[in-house]
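Structure first, commentary second.
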Amino acid sequence: MLFCRLNALVDDFQRCFFSPATLQLGVPLGVAVGALLICAIIVGVFLTRCHRRKEQKKKDLEDNISLSRELPSVEDNDREESSRISHASALQKDSNNGEASSSKVKHNREEDDQDDLSDTAVPVETLNTYIRQHATDSYFKDQFSSVPMVRSSPQTAGLSPQNVKKNRYKNIIPYDSTRVLLHTDQKLNHSDYINASYVKGYSTDDLYIASQAPSDRTINDFMRMIWEQGVDRVVMLTNLTEEGKACC
Numbered sequence: 255m256l257f258c259r260l261n262a263l264v265d266d267f268q269r270c271f272f273s274p275a276t277l278q279l280g281v282p283l284g285v286a287v288g289a290l291l292i293c294a295i296i297v298g299v300f301l302t303r304c305h306r307r308k309e310q311k312k313k314d315l316e317d318n319i320s321l322s323r324e325l326p327s328v329e330d331n332d333r334e335e336s337s338r339i340s341h342a343s344a345l346q347k348d349s350n351n352g353e354a355s356s357s358k359v360k361h362n363r364e365e366d367d368q369d370d371l372s373d374t375a376v377p378v379e380t381l382n383t384y385i386r387q388h389a390t391d392s393y394f395k396d397q398f399s400s401v402p403m404v405r406s407s408p409q410t411a412g413l414s415p416q417n418v419k420k421n422r423y424k425n426i427i428p429y430d431s432t433r434v435l436l437h438t439d440q441k442l443n444h445s446d447y448i449n450a451s452y453v454k455g456y457s458t459d460d461l462y463i464a465s466q467a468p469s470d471r472t473i474n475d476f477m478r479m480i481w482e483q484g485v486d487r488v489v490m491l492t493n494l495t496e497e498g499k500a501c502c
């Protein structure tokens, strides 16, 4: 009725409602109201998302604080590990004198190189200090170099002429006994070979899969393996490029 009063058309409702002045002012007003509603909706959605993010960050922070309270401090662990290593070193000295050979430290650097892997085992409780001790020297490199590079099991499938081109590196071939077998399909020319092997876990012999990075030649086989084996996590242990060469 505001427009009617301005145009002095109160007596005639029809003329008032459909007057040109009313229509000219009503259309822009409707557009403005619609625009304001849209802006209000956008602002509301934005504020809601910000609030949810803040709540999630707050929850994550509370979880981290709760977890940190439950875990022992790093300093306490270091003291315990240092004490264990000192005690183990003392036992090592005794064993060298023939007094405590059964208690010698399995990860001592002075120990003779042997093929028995138990001689290089590291107790879990001393692993942190063990890594810190040798992170700055050549101990780990020397240990890796001492591993015999021999074929302890047949590698017939990986060395066959039809599969050798699927190996990214000539010296890394899966063993026949532990390699992953793909489903075959003669119509699609799908073979069962891929350069990948099962790795033992804490509960089963095939808990993990170690595979070479896929190449243009093997990318389809790689995706087939992920699908057939029900893989839900893929961890890349290499950079995309190393020494100027594409690794993945």
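If you count the sequence shown from 1, you need to add 254 to reach this note's numbering. C-beta atoms are modelled at their ideal positions from N, C-alpha and C, and glycine is treated no differently.
Check: If you follow the beta strand (DSSP E) that I463 is part of, which residue opens it and which one closes it?; Outcome: Y462 to S465
Check: Please confirm if D470 has its CB atom under 8 Å from at least one CB of chain D.; Outcome: Of the protein chains in the structure, only one exists, and it is not chain D.
Check: In terms of alpha-carbon separation, which member of T472, A450 and S469 lies closest to I463?; Outcome: A450
Check: By the DSSP assignment, the beta strand (DSSP E) with Y452 in it spans what residues?; Outcome: A450 to V453
Check: What residues in its chain sit with their C-beta under 7 Å from that of C501, if we drop five residues either side in the sequence?; Outcome: A467, T492, N493, L494 and T495
Check: Where does A389 fall in DSSP's three states?; Outcome: coil
Check: Whether or not the segment 416-424 and the segment 387-399 are in contact is what I'm after, with contact meaning three or more pairs of Cβ atoms, one per stretch, closer than 8 Å; do they touch?; Outcome: no
Check: Quick one, which of S457, Y452 and H444 has its alpha-carbon nearest D475's?; Outcome: H444
Check: For D439, which option in Y447, T432 and R433 has the closest C-alpha, if you only look at C-alpha atoms?; Outcome: Y447
Check: Using only alpha-carbon positions, find the residue among A289, Y423, L442 and V453 that is nearest to T241.; Outcome: Since the first and last residues shown for the chain are 255 and 502, residue 241 lies out of range.
Check: Closer than 6 Å by C-beta to K441: which residues in its own chain qualify, once you throw out the five before and the five after it? Chain order, please.; Outcome: none
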